[in-house]
Amino acid sequence: MMSKQQSALVVDGVCVNLGDKTIIHNCCFNVGQGEFVGIIGPNGAGKSTLLKSLRGMLPVASGQVSVFGHPTHSLGDKKAARLVAYMQQEVNVGFGFTALEVVLAGRYPYMKWWQNETEQDRYIAKKYMAFTGIEALADKPVNQVSGGERQRILLAKVLAQETPLIFLDEPTASLDLLYQEEIFRYCQDICKEEKSVLIIAHDIKLAAKFCSRLILLADGKIIADGIPSDVLTVDNLEKAYGLHSAVFLNKVTGNLDIHTYAAASHTNRQTTVHIIGGGGSTGDIMRRLYEGCYRLTAGVLQEGDTDADVATAFEIDFVIGQAFSEITEQQEREHKEKIVSADVVVLGNLCYGKQNLNNLQAAFFAAKLIVIEDTPIDERDFADGKATQLYGKLLLQKQVTVMTSMQFTTMIEKHELRELTEKMK
Amino acid sequence: MVIVILGVLLVIISLISLGSGQVHVPLTSMLAIVGKQLGIPGFASAVLMPEQTAVVWHIRMPRTIIGLLVGAALGVSGAVMQGVFGNPLADPGIIGVSAGASLGAVIAVALGLTANSMYYMPLFALTGALLAVGLTVALAMRDGKIPVMPLLLSGVAVGMLLNAITSGILTFMNEYRLREFLFWMVGGLDYRRWEHVWLAVGPVMIGIIILCFLARHLNILVLGEQEARSVGLPVFAFRLLLLFVASVTTATSVCVSGSIGFVGLVVPHIIRLLIGPEHRVLLPACALAGGLFLVACDTIGRLVISPAEIRVGIMTAFIGAPYFLYLLRRAQKGGGLS
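First to last, the protein sequences are chains A and B.
Counted the way the numbering used here counts, the first sequence spans residues 404 to 828.
Counted the way the numbering used here counts, the second sequence spans residues -6 to 331.
Put into structure tokens, the structure is as follows:
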């Protein structure tokens, strides 16, 4: 996690109290130069308190914070302000100060008390205003600009402080998506110059997309710390947020994505449902069953098929087949095992070709089979009528129930699926 | 630019103030009197009427100078207080300065000291003002910090308490002394002498200069406590220093003129609307505008019902209050207070 250079920030066993309450418990972490660290966690986890105490705005009850080897309590006010810049959550700029005046405030730590800003200071202020794209607002009072513009002015101010370490407390709060991303992008650029940024973020997905590292905080304790894909796990999210989720790589965006849902009762876990799908026919069914907390298996899904992606995202145990190839004997065997050990098997409204005809044959081994039929089988048969023949035979079996996907969805919502399987047992 | 205009207006209004009143003095003789008294070569030979000299130099000159000093002090202190409190409705009296000064003055009157020397009243007023500010700050201070809201509230509480004591003392005073106190309460510039000028000029000038020097820090402080600390400004020290200097400046001016309202509130407001909140320009401009406003009010008060006078403390409220309301309404229409 650490870069080779000296640590920009060392947090060693920091505890913070507010009144009688301990808000931060024994936090330890190091931040190397050039790291872009996102601090995430639910409301009231102590994110802002942690950041404030790291900047020396709140006293630390125990432990020590060091910035580039200097313990913060031994740093003078201005020396500290030349090492760490801090942007607070809600800034109310009253009295109609202009953007340039506010940005110039960032040069304060470089001036002796009797000095005024030099041309150099103005140049630096304007440079960062250009960076965040607000040069045109220089003479505009800050209380007359939009929320996004104000945040960019304040970001320019923090940058004008030219510190190697930058703390941002939710700079993207109440901003449009466009501006949120913009702020993260600016930070990413800043980190390329070997500066380190600590940002408190509400939007986990954005943080995961841009930050090089995430620290997950809950109840004042660090729950996880590492690269986004290590921190954002189903377990961590449940621990921190009490959130039921699926974390997966979104193939469309290439980013880590999180699907959250209200979980059904966990008693459904005892029921195993096997899904026979393919060609995107059962993605929706898999998601609904996953949210219903059933134990799921699936097969045989071809590699690269969206059904296979959905199954991966929800960590469903499934048999995978080579794309555009017939199902092998090995796969067939595994698939049958799963079908036999499942309480219910669901056969999706899938199309049949030579490659996956085997899936239809395998359905005969189900103890209880629900066949989803939204379109007549002859429209889905691309195996010269073989599928229609097999399908017709299948429907004659007494363990088979046919319904539309709509009916099946209602059944899941009403928890009738479990009753059905219990009756059978 | 604004400073230059204010400076020119200030000179003009001062000359009008020196020239007008029951005894009319033409501009040329007035300039000659001032020039001669200041020992400017070329005026030494001027032939002057002793009566005019007495009126201009011994009566009107100290009055105008006191007006300029008091107005400047109130204007600057008002701007500083509004900055420190981050509240455009703060004025120099907000942390108990006026209440303390009144109590000091009433004590001096009650003890009958005012008959002995004219210095007792100002000195008592000054002491009272400083003690009141000290008490207010001490009550609000916690963990080496002066949070703004508690300071504001303790200022109000201290003010009320001291006013109650003042009223208590007043109920026991005889009518003659009551009148004397009332005269002081309604601030005025009449009967001010050179002694008053010497008393006030030092503290007020030094105070204004210090405050103008601290203007850049005040700019940062106005952005809020956290913002100020994040760029390395020692908030506690500067807040205390600014409050102390502004209070001494206000107290000194109140002790020579009695309490004068609205200058400290209205002047910074108007100037801020004109030139913005940058304190390095705002504070000097407020000093000039404060002096200008007070001397103008005094001159108008002297002229409207001549030969009688309306005291300047009443005039400032008469002119200031409507104008302030007008500004507020206009600002509301324009979308929010500045």
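The beta-carbon is built from N, C-alpha and C at its ideal position, and this holds for glycine as well.
In this text, all values refer to a predicted model and were calculated from it rather than measured experimentally.
Problem set entry | Alpha-carbon to alpha-carbon, residue 63 of chain B and residue 241 of chain B | If you number the second sequence from 1, residue 241 of chain B lands on position 248. If you number the second sequence from 1, residue 63 of chain B lands on position 70. One Cα belongs to residue 241 of chain B, the other to residue 63 of chain B, and the distance between them is close to 12 Å.
Problem set entry | Closer than 9 Å to chain B by CB, residue 526 of chain A | Residue 526 of chain A sits at position 123 when you count from the first residue of the first sequence. Chain B, which has no Cβ nearer than 9 Å to the Cβ of residue 526 of chain A, makes this no.
Problem set entry | Outcome for residue 84 of chain B when other beta-carbon atoms lying within 10 angstroms are tallied against a minimum of 16 | In the second sequence, counting from the first residue as 1, residue 84 of chain B sits at position 91. So residue 84 of chain B ends up on the buried side.
Exercise. Of all the residues that make up the region 258 to 277 of chain B, which are near chain A by a beta-carbon distance shorter than 8 Å?
Worked result: Cβ contacts with chain A come from 265, 269, 270, 271 and 273.
Problem set entry | Under 9 Å between C-beta atoms of residue 214 of chain B and residue 226 of chain B | The residue labelled residue 214 of chain B in the question sits at position 221 within the second sequence. The residue labelled residue 226 of chain B in the question sits at position 233 within the second sequence. Yes, they are a contact pair.
Exercise. With a cut-off of 8 Å, do at least 3 Cβ pairs link the region 244 to 264 of chain B to the region 305 to 314 of chain B?
Worked result: yes
For this session: Could you tell me whether the region 649 to 662 of chain A touches the region 461 to 478 of chain A, using the rule of 3 or more Cβ pairs below 8 Å?
Result: Here the region 649 to 662 of chain A makes no contact with the region 461 to 478 of chain A; the two share fewer than three CB pairs at distances below 8 Å.
For this session: Kindly say whether residue 573 of chain A, judged by its beta-carbon, lies nearer than 9 Å to any beta-carbon of chain B.
Result: Here residue 573 of chain A corresponds to residue number 170 of the first sequence, with the count starting at 1. Taking Cβ atoms only, chain B never reaches closer than 9 Å to residue 573 of chain A, which makes this a no.
For this session: For the region 491 to 514 of chain A, enumerate the residues whose C-beta is nearer than 9 Å to any C-beta of chain B, in chain order.
Result: 491, 494, 495, 496, 497, 498, 499, 500, 501, 504, 505, 507, 508, 509, 510, 511, 512 and 514
Exercise. Using DSSP with H/G/I as helix, E/B as strand and the rest coil, what is residue 630 of chain A?
Worked result: Numbered from its first residue, the first sequence carries residue 630 of chain A at position 227. Residue state, collapsed to three classes: coil.
Exercise. Excluding sequence positions up to five away, which residues of its chain have a Cβ less than 6 Å from the Cβ of residue 538 of chain A?
Worked result: Along the first sequence, read from residue 1 onward, the residue named residue 538 of chain A stands at position 135. Once the five neighbours on either side are set aside, the close Cβ partners of residue 538 of chain A are 532.
Problem set entry | Minimum Cβ-Cβ distance from residue 482 of chain A to chain B less than 9 Å | The residue labelled residue 482 of chain A in the question sits at position 79 within the first sequence. Chain B, which has a Cβ nearer than 9 Å to the Cβ of residue 482 of chain A, makes this yes.
Exercise. Can you name the start and end residues of the alpha helix (DSSP H) that residue 451 of chain A belongs to?
Worked result: The count along the first sequence starts at 1 and reaches residue 451 of chain A at position 48. Counting along the chain, the alpha helix (DSSP H) containing residue 451 of chain A begins and ends at 450 to 458.
Exercise. Is it right to say residue 799 of chain A is buried, meaning 16 or more other beta carbons lie within 10 angstroms of its own, or is it exposed?
Worked result: The residue labelled residue 799 of chain A in the question sits at position 396 within the first sequence. It counts as exposed.
Problem set entry | Contact under 9 Å by Cβ, residue 867 of chain A with residue 718 of chain A | The structure shown does not extend to residue 867 of chain A, since chain A is modelled only from 404 to 828, so the question has no answer here.
Exercise. What are the residues of the region 182 to 209 of chain B that lie near chain A, defined by any Cβ-Cβ distance shorter than 9 Å?
Worked result: 206, 207 and 209
For this session: Quick one: give me the first and last residue of the beta strand (DSSP E) that residue 431 of chain A is part of.
Result: Indexing the first sequence from 1 puts residue 431 of chain A at position 28. Annotation: the continuous beta strand (DSSP E) that includes residue 431 of chain A extends over 424 to 435.
For this session: Could you pull out every residue in the same chain whose Cβ sits closer than 6 Å to the Cβ of residue 684 of chain A, ignoring the five residues on either side in sequence?
Result: As a first step, residue 684 of chain A must be located in the first sequence, where it is residue number 281. Cβ within range, chain order: 751, 752 and 753.
Exercise. Taking 9 Å as the CB-CB cut-off, is residue 223 of chain B touching chain A?
Worked result: Counted from its first residue, the second sequence places residue 223 of chain B at position 230. Yes, because at least one Cβ of chain A sits closer than 9 Å to the Cβ of residue 223 of chain B.
Exercise. What residues from chain B crowd round residue 458 of chain A, counting only those whose CB sits closer than 8 Å?
Worked result: Position 55 of the first sequence, counting from 1, holds the residue named residue 458 of chain A. Residues of chain B passing the Cβ test: 223.
Exercise. In whole angstroms, what separates the C-alpha of residue 443 of chain A from that of residue 612 of chain A?
Worked result: As a first step, residue 443 of chain A must be located in the first sequence, where it is residue number 40. As a first step, residue 612 of chain A must be located in the first sequence, where it is residue number 209. C-alpha separation (whole angstroms): 13 Å.
For this session: Measure from the C-beta of residue 389 of chain A to each C-beta in chain B and report whether the shortest distance is under 9 Å.
Result: Residue 389 of chain A is absent from the model: chain A starts at 404 and stops at 828.
Problem set entry | For residue 545 of chain A, the first and last residue of its enclosing beta strand (DSSP E) | The residue labelled residue 545 of chain A in the question sits at position 142 within the first sequence. Boundaries for residue 545 of chain A: no beta strand (DSSP E) harbours it, and the DSSP string shows neither H nor E there.
Exercise. Cβ of residue 325 of chain B less than 9 Å from any chain A Cβ?
Worked result: Taking the first residue of the second sequence as position 1, residue 325 of chain B is located at position 332. It does not: the Cβ of residue 325 of chain B has no partner Cβ on chain A nearer than 9 Å.
Exercise. Thinking C-alpha only, which one of B:130, B:41, B:42 and B:66 is nearest residue 276 of chain B?
Worked result: Taking the second sequence and counting its residues from 1, one reaches residue 276 of chain B at position 283. The option with the nearest alpha carbon to residue 276 of chain B is B:66.
Problem set entry | Opposing strand residues paired with residue 446 of chain A [DSSP bridges] | Stepping through the first sequence from its first residue, residue 446 of chain A is reached at position 43. Looking at the DSSP assignment, residue 446 of chain A forms no beta bridge with any residue, so it has no partner.
For this session: Select from B:318, B:222, B:27 and B:307 the residue whose C-alpha is nearest the C-alpha of residue 481 of chain A.
Result: Counting from one through the first sequence, the residue named residue 481 of chain A turns up at place 78. For the residues B:318, B:222, B:27 and B:307, the minimum Cα distance to residue 481 of chain A belongs to B:222.
Exercise. The region 219 to 252 of chain B: which residues have C-beta closer than 8 Å to a C-beta of chain A, in chain order?
Worked result: 219, 220, 222, 223, 224, 225, 226 and 227
Exercise. The beta strand (DSSP E) with residue 724 of chain A in it runs from where to where?
Worked result: Mapped onto the first sequence, residue 724 of chain A falls at position 321. Residues 720 to 724.
Exercise. Are residue 770 of chain A and residue 802 of chain A close, meaning C-beta to C-beta below 9 Å?
Worked result: Counted from its first residue, the first sequence places residue 770 of chain A at position 367. Counted from its first residue, the first sequence places residue 802 of chain A at position 399. Result yes, Cβ atoms of residue 770 of chain A and residue 802 of chain A sit closer than 9 Å.
Problem set entry | residue -5 of chain B: contacting residues in chain A (beta-carbon distance under 8 Å) | Taking the second sequence and counting its residues from 1, the one referred to as residue -5 of chain B is at position 2. Neighbours of residue -5 of chain B on chain A: none; closest Cβ ~15 Å, over 8 Å.
Problem set entry | 8 Å Cβ cut-off: residues of chain A touching residue 216 of chain B | The residue you call residue 216 of chain B lines up with position 223 of the second sequence. Ordered by position in chain A, the residues that pass the 8 Å Cβ test against residue 216 of chain B are 494, 496, 500, 505 and 508.
Exercise. What is the DSSP secondary structure of residue 537 of chain A, counted as helix, strand or coil?
Worked result: Position 134 of the first sequence, counted from the first residue, corresponds to residue 537 of chain A. Look at residue 537 of chain A here: in three-state DSSP terms it is coil, with no helix or strand label.
For this session: Using the Cα positions of residue 261 of chain B and residue 150 of chain B, report the straight-line distance between them to the nearest angstrom.
Result: As a first step, residue 261 of chain B is located in the second sequence; it is residue number 268 there, counting from the start. As a first step, residue 150 of chain B is located in the second sequence; it is residue number 157 there, counting from the start. When rounded, the distance between both Cα atoms is 25 Å.
Exercise. Cβ atoms of residue 45 of chain B and residue 27 of chain B: under 9 Å apart, would you say?
Worked result: Counted from its first residue, the second sequence places residue 27 of chain B at position 34. Counted from its first residue, the second sequence places residue 45 of chain B at position 52. Contact flag unset, no.
For this session: Take residue 410 of chain B and list the residues in its own chain whose beta-carbon comes closer than 8 Å to its own, dropping the five residues that flank it on each side.
Result: The structure shown does not extend to residue 410 of chain B, since chain B is modelled only from -6 through 331, so no value can be given for it.
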